[in-house]
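What follows is a set of notes on a single structure, which appears directly below.
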Amino acid sequence: MNRGASRRHVLSLAGVAAIASVGAGVPAPVVIRDVRIFDGERVRGRGSVLMQDGRIAAVGEVPSSARHQVYDGGGRTLLPGLIDCHVHSFEGSRADALRFGVTTELDMFNDPSLLPEARRQRRSTAATRQADLWSAGVGVTVPGGHPLRPEWDFPRVESGTDIERFVADRIAEGSDYVKVILENGGPPPRPALPTLTPGQVRRTIAAAHRHRRRAVVHAEKLGLALSAVRAGADGLVHAFWDTVAGAAEIAGIRRAGAFVVPTLSVVDWGIGAKELLADGRVTPWLSPTQQYLLRQEPQDRPGRPDFLGIGSANVGLLHAAGVPVLAGTDTPIRANANGVSMLAEVAHLVRAGLGPPAALAAATSAPARAFGLTDRGRIAPGLRADLVLVDGDPTTDITDLRAIKAIWKNGHLVDRTPPEE
Ligand SMILES: [Zn+2]
423 MNRGASRRHV LSLAGVAAIA SVGAGVPAPV VIRDVRIFDG ERVRGRGSVL MQDGRIAAVG
483 EVPSSARHQV YDGGGRTLLP GLIDCHVHSF EGSRADALRF GVTTELDMFN DPSLLPEARR
543 QRRSTAATRQ ADLWSAGVGV TVPGGHPLRP EWDFPRVESG TDIERFVADR IAEGSDYVKV
603 ILENGGPPPR PALPTLTPGQ VRRTIAAAHR HRRRAVVHAE KLGLALSAVR AGADGLVHAF
663 WDTVAGAAEI AGIRRAGAFV VPTLSVVDWG IGAKELLADG RVTPWLSPTQ QYLLRQEPQD
723 RPGRPDFLGI GSANVGLLHA AGVPVLAGTD TPIRANANGV SMLAEVAHLV RAGLGPPAAL
783 AAATSAPARA FGLTDRGRIA PGLRADLVLV DGDPTTDITD LRAIKAIWKN GHLVDRTPPE
843 E
């Protein structure tokens, strides 16, 4: 799309004009010089990026100015801040995320009392130590259904519940999208679980759409995933890992236009965590909470199905068919920690068949497009200056994403020193 070229030019001129009007006490614009730019979709080659007032002002050729503060990128790779499409937030988790280049997190079930503060922060371009947050708030599930042991009491859908009203209440609480839980439990020895009926799922999704909200669905089995997509779901927030899908089933998901957040990290039984804990480019920056979470032994069982292998095969088929695949971790579940586990999830996506550029797009531009986050996810003039600089070239070796050299959030350099706790 060459529409971008002229728009870029206009915006870079606007950036220059703004610089001329900067007065005393206003932070100088910062230019990151000499970087290989992965713009969220493709490698654009070497150039510079100018940041001003929390936003990207120019990309590519940035004319020198005595007013610019210069950061020498030293030929490293600059990427958009990462977006984790499946987390559950808790105290301190958004700071952990930011110190590993995850500048935005999409929460998939949480206490709605977190939401007003999160909304204020993500609209601001002020310096912050936390990733920005969007959230489903309370997910839609039934009494006795998944999640089984919530830390707080929340409303659930019963047989007589007015679904229209139930969804309206979630929107009023501040849910940015509606999360539907379609989980019937098993396989043995895990117990079977009650879940929403197909009619309840259809009405929930329709109600979300009437409120102009996306509806995303937790479904870990192919049959449930297909019924969610048929009911109009905008996305699935896990891959399905009970069976490898056939061509017609994959094509059906493609035709429905749904995206998939595979969360392979949640079925890798600690493989990703072990890789991260063995990597000297990662370990110095881990907080005590991140270390604790990564060292959790996920409960593996002899004879369990190969969820990771089956899930990865499905991810490869979905990607090959053109279904948008988005990176998400489901942290802090099963040996996953905020921020750092995204560095393992993108490696899982590469092993599943996405090339490194597609895996990086799955963690940047693709989530922004799928969730309508119009101010982020790419390196382009006018977007928020959320950037990650890494040694090496993650567009050819995805593990280079672990070699983070610097992070900017809203144009401010992030202090990566882990808390002592
Ligand atoms: Zn989850």
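The sequence shown begins at 423 in the numbering used here and counts up one residue at a time.
Idealized CB from N, CA, C, for every residue including glycine.
These figures come from a predicted structure and were not determined experimentally.
- A straight line joining the alpha-carbon of Arg635 with that of Arg489 spans about 43 Å.
- Here the distance from the Cβ of Asp752 to the nearest heavy atom of ligand 1 is below 7 Å.
- Note on geometry: alpha-carbon atoms of Gly668 and Gly674 lie some 10 Å from one another.
- In this structure, the straight-line span from the alpha carbon of Glu842 to that of Leu708 is close to 10 Å.
- Between the segment 674–693 and the segment 573–582, the count of Cβ pairs shorter than 8 Å is below three; the stretches do not touch.
- Look at the beta carbons and you see the segment 508–523 touching the segment 826–840: at least three pairs across the two are nearer than 8 Å.
- Of all alpha-carbon atoms in Leu504, Ala828 and Ala670, the one lying nearest the alpha-carbon of Ala788 is that of Leu504.
- The distance from the Cβ of Ala553 to that of Thr526 is about 6 Å, consistent with a contact at the 8 Å cut-off.
- The three-state reading of DSSP puts Gly561 in coil, since its state is none of H, G, I, E or B.
- Taking the CA atoms as reference points, Ala735 sits about 49 Å from Ser486.
- Residue environment for Ala548: exposed (fewer than 16 other C-beta atoms within 10 angstroms of its C-beta).
- Between ligand 1 and Ile505, a heavy atom-to-CB distance of less than 7 Å is absent.
- Following the DSSP letters along the chain, one finds His640 in no alpha helix (DSSP H) but inside the beta strand (DSSP E) bounded by residues Ala637 to His640.
- Secondary structure at Pro727: coil, using DSSP grouped into helix, strand and coil.
- Boundaries of the alpha helix (DSSP H) around Ser515: Ser515 to Leu520.
- Of all C-beta pairs linking the segment 770–785 to the segment 681–690, three or more are shorter than 8 Å, placing the two stretches in contact.
- Taking the Cβ atoms as the reference, Ile820 lies roughly 5 Å from Ala769, within the contact range of under 8 Å.
- It is roughly 27 Å from the alpha-carbon of Trp556 to the alpha-carbon of Ala774.
- If you look at Ser470, you'll find it in the beta strand (DSSP E) that goes Val465 to Gln474.
- When DSSP states are grouped into helix, strand and coil, Gly497 belongs to the coil group.
- Per the coordinates, the alpha-carbon of Ile801 lies some 14 Å from the alpha-carbon of Arg791.
- When the Cα atoms are used, Thr796 and Tyr599 turn out to be separated by approximately 15 Å.
- A distance below 8 Å between beta-carbons, with the five flanking residues on each side excluded, links Ile585 to the following residues of its chain, in chain order: Val579, Gln622, Arg625, Thr626 and Ala629.
- In the DSSP assignment, Phe460 falls within the beta strand (DSSP E) that extends over Val452 to Phe460.
- Contact between the segment 557–566 and the segment 601–618 is present: 3 or more CB-CB pairs across the two stretches fall below 8 Å.
- For His568, the shortest separation between its Cβ and any heavy atom of ligand 1 does not lie below 7 Å.
- In the three-state scheme derived from DSSP, where H, G and I count as helix and E and B as strand, Ala549 is classed as coil.
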